[in-house]
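Some notes on the structure that comes next.
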Amino acid sequence: MSGATPLRTCAGCRLVRPKAELVRLAVIAASGRVTLDLSGRFPGRGAYLCRETGITCLRQSRRHRSLARSLRVGDDVIDEPTLAAALRELVTEEST
Ligand SMILES: [Zn+2]
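Throughout, this note's numbering is defined as the position within the sequence shown, counted from one, plus 2.
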């Protein structure tokens, strides 16, 4: 047992997984919009979605409004098509 692996909960499917298996989402302070935080270094509140099933989890999180709630933003600033495209790109990049 390492005890060093940070665990996070996916805002969509609510699974608890090692942080490395999730992708962080954060709010860009300047625009107030939600973006993928690939560096994991955006300040402020973050939320997590599964990398593997990110698009499905994104949809689930919108349905439950859990993403907006975790990030303390309005549901309307979550641009689902843009985030879904970014998630798809992420998965494609990793499988090549
Ligand atoms: Zn998930």
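We treat Cβ as the ideally placed atom computed from N, Cα and C, and that holds for glycine.
Predicted model only: the values in this text are computed from it and were never measured.
message: Could you tell me the alpha carbon to alpha carbon distance between residue 39 and residue 5, rounded to whole angstroms?
response: 25 Å
- request: Evaluate contact between the segment 14-26 and the segment 54-65, counting only Cβ atoms and requiring at least three cross-stretch pairs below 8 Å.
  value: These segments touch.
query: Given residue 79, which residues of its chain have a CB within under 7 Å of its CB, disregarding the five upstream and five downstream residues?
result: 34, 35, 36
- request: Under 5 Å from any heavy atom of ligand 1, by CB: list those residues in chain order, please.
  value: 12, 14, 15, 52, 59
message: Could you give the first and the last residue of the continuous beta strand (DSSP E) run that contains residue 70?
response: Here residue 70 belongs to no beta strand (DSSP E); instead the alpha helix (DSSP H) covers 68-73.
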